[in-house]
Amino acid sequence: MELSILVNKFNVKGRLVALQPFGNGNINDTFLAIYRNTFTETQVILQRVNRNVFPKPELIMENMHEVTRHCHEKLEADSKAGRDDRVWQMPRIVKTKEGADYVTDENGEVWRVITRIMSAHAFDVAQGPEHAMECGAALGHFHYLISDMNPESIGDPLPGFHITSGYLASYDKTLEKPEAKELLNASVEAKRLAKFIEERRDLALCLEKAEAAGELKKRMFHGDPKVNNIMIDDVTGKGTAMIDLDTVSPGLIHLDFGDALRSICNPAGEEETNLAKVVFDEDLATAFCKGYMREAGAFMTDADRAYLYDSIRLLPFELGLRFFQDYLNGNVYFKTSQPEQNLNRARVQFRLCESVEARERSIKGVLQKL
Ligand code: GN1
Ligand code: MG
Numbered sequence: 000m001e002l003s004i005l006v007n008k009f010n011v012k013g014r015l016v017a018l019q020p021f022g023n024g025n026i027n028d029t030f031l032a033i034y035r036n037t038f039t040e041t042q043v044i045l046q047r048v049n050r051n052v053f054p055k056p057e058l059i060m061e062n063m064h065e066v067t068r069h070c071h072e073k074l075e076a077d078s079k080a081g082r083d084d085r086v087w088q089m090p091r092i093v094k095t096k097e098g099a100d101y102v103t104d105e106n107g108e109v110w111r112v113i114t115r116i117m118s119a120h121a122f123d124v125a126q127g128p129e130h131a132m133e134c135g136a137a138l139g140h141f142h143y144l145i146s147d148m149n150p151e152s153i154g155d156p157l158p159g160f161h162i163t164s165g166y167l168a169s170y171d172k173t174l175e176k177p178e179a180k181e182l183l184n185a186s187v188e189a190k191r192l193a194k195f196i197e198e199r200r201d202l203a204l205c206l207e208k209a210e211a212a213g214e215l216k217k218r219m220f221h222g223d224p225k226v227n228n229i230m231i232d233d234v235t236g237k238g239t240a241m242i243d244l245d246t247v248s249p250g251l252i253h254l255d256f257g258d259a260l261r262s263i264c265n266p267a268g269e270e271e272t273n274l275a276k277v278v279f280d281e282d283l284a285t286a287f288c289k290g291y292m293r294e295a296g297a298f299m300t301d302a303d304r305a306y307l308y309d310s311i312r313l314l315p316f317e318l319g320l321r322f323f324q325d326y327l328n329g330n331v332y333f334k335t336s337q338p339e340q341n342l343n344r345a346r347v348q349f350r351l352c353e354s355v356e357a358r359e360r361s362i363k364g365v366l367q368k369l
């Protein structure tokens, strides 16, 4: 089905005047649609939910319905009570003309339309400490918003997501494939990354062990709070919304904390090819933590705090492992524009992990003062 026919199945007023690719997501296909009528313009986001990644796209939409329903109610109540220093926002599902949350095309692909948060932007890399602090505040406030959701109301969007031991197991399985062996033997850099993983197999289990021992408990988490999923208000420079809600589900908030920091504290970005530029920036980390704690510090137990450093070290390792496994497996998960891209993305994450390790004492010092 043509994209313009598809998007017109949704209930947006006006005439479609533009429809173009939008954003830099690694998973879903995203488009911006602009509608105009005689006196105003409406911009919405059209997305195809990636079926190769999410085994049940319909479930993703049921979850999104639940998450946005819960959060919009809470946002409205807080706003009436004049509780906040700003307007916190969250995209809304735009229904089809028939009143459904999504459209399924002739190939069984699930498409949705959500509102665009206007006069706000997400950046691919941190712009400085103030931006980092606002990212922290936005994630902290999001954790507050979803903290009292019923975890039973959400189906598992992506079985195995952020279970590092599972990623290790699928990496080991991939290594047995002849194609993977060939790729590994063909490159000194790939061999170096494989060694990097071997030296850190224990690290992979740090949060899983703490959870199994009952020290850490699952709460609701975002799942993908990287810097370009955090919207910043163009007018005030303040954080205003978390986007990309596909993976909101029960999980450890440590995974969000570590994932946000691995993304925000790497100003070179995930696609950098010069490893010398990839460092974990502690000033950005300090600013992020300040913003996060202001909004969510009240929820943090002593046990939670004890595992923050581990989470900052684990998440770049985990993502590097996921990129590297995908490279060896023929680039079937993350979108790529050239065959070595996932190899390079893995190099960046592992360098970041090393950079965290080299700063262990000083990062722990920052965390202690929170
Ligand atoms: C993917 O969809 P996107 O680009 O926001 C991935 C995240 C990774 C991220 C790295 C469902 O996120 O886990 O951290 O790429 N999402 C999924 O850029 O696998
Ligand atoms: Mg995503």
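Under numbering that gives the first Met the number 0, the very last position in the sequence shown is 369; numbers go up by exactly one each time.
The beta carbon of each residue, even a glycine, is placed where N, CA and C say it ideally should be.
Identified DSSP bridge partners for residue i
i	result
residue 34	15 and 41
residue 114	43
residue 224	Residue 224 pairs with nothing; no bridge assigned.
residue 148	Per DSSP, none; premise fails for residue 148.
residue 218	250
Integer Cβ distance of residue i from residue j, believed to fall under 8 Å
i	j	result
residue 378	residue 150	The structure shown does not extend to residue 378, since the chain spans only 0 to 369, so no value can be given for it.
residue 63	residue 148	Wrong, their Cβ atoms sit about 13 Å apart, outside the cutoff.
residue 290	residue 139	7 Å
residue 116	residue 240	5 Å
residue 121	residue 230	5 Å
residue 100	residue 60	5 Å
residue 183	residue 190	6 Å
residue 51	residue 334	The pair is not a contact, with the Cβ atoms about 10 Å apart (cut-off 8 Å).
Any non-hydrogen atom of ligand 1 within 7 Å of residue i CB
i	result
residue 256	no
residue 387	Examination of residue 387 is not possible in this model, given that the chain is present from 0 through 369 alone.
residue 225	yes
residue 24	yes
residue 27	yes
residue 333	yes
residue 163	no
residue 265	no
residue 83	no
residue 182	no
residue 228	yes
residue 52	yes
residue 318	yes
residue 138	no
residue 201	no
residue 147	no
residue 123	no
residue 157	yes
Host beta strand (DSSP E) of residue i (start-end)
i	result
residue 249	248-250
residue 229	229-232
residue 238	238-241
Boundaries of the alpha helix (DSSP H) in which residue i is found, first to last residue
i	result
residue 196	187-197
residue 60	56-79
residue 132	128-145
residue 154	Premise fails: residue 154 is in no alpha helix (DSSP H) and is neither H nor E.
residue 284	281-295
residue 358	Counting along the chain, residue 358 falls outside any alpha helix (DSSP H), and DSSP gives it neither H nor E.
residue 212	Element bounds for residue 212: n/a, residue is neither H nor E.
residue 3	2-6
residue 276	It is not in any alpha helix (DSSP H) - residue 276 carries neither H nor E in the DSSP assignment.
residue 88	Premise fails: residue 88 is in no alpha helix (DSSP H) and is neither H nor E.
Cβ-heavy atom distance, residue i to ligand 4, below 7 Å
i	result
residue 18	With respect to small molecules bound, the structure shown includes ligand 1 and ligand 2 and not ligand 4.
When you compare the stretch 83-92 with the stretch 202-213, are there three or more beta-carbon pairs, one atom per stretch, that lie closer than 8 Å?
At 8 Å Cβ cutoff, the stretches do not touch.
Three CB pairs or more closer than 8 Å across the stretch 124-138 and the stretch 21-36
no
Evaluate contact between the stretch 43-62 and the stretch 5-18, counting only Cβ atoms and requiring at least three cross-stretch pairs below 8 Å.
yes
Can at least three beta-carbon pairs, one atom from the stretch 339-352 and one from the stretch 261-270, be found at a separation below 8 Å?
yes
Three or more beta-carbon pairs under 8 Å between the stretch 221-239 and the stretch 252-259, yes or no?
yes
So does the stretch 314-327 actually touch the stretch 149-169, counting three or more Cβ pairs closer than 8 Å?
Using a Cβ-Cβ distance cut-off of 8 Å, the stretch 314-327 and the stretch 149-169 are in contact, since at least three pairs of beta carbons, one from each stretch, lie closer than that value.
Counting Cβ pairs, one atom from each stretch, are 3 or more of them under 8 Å apart for the stretch 355-368 and the stretch 293-313?
yes
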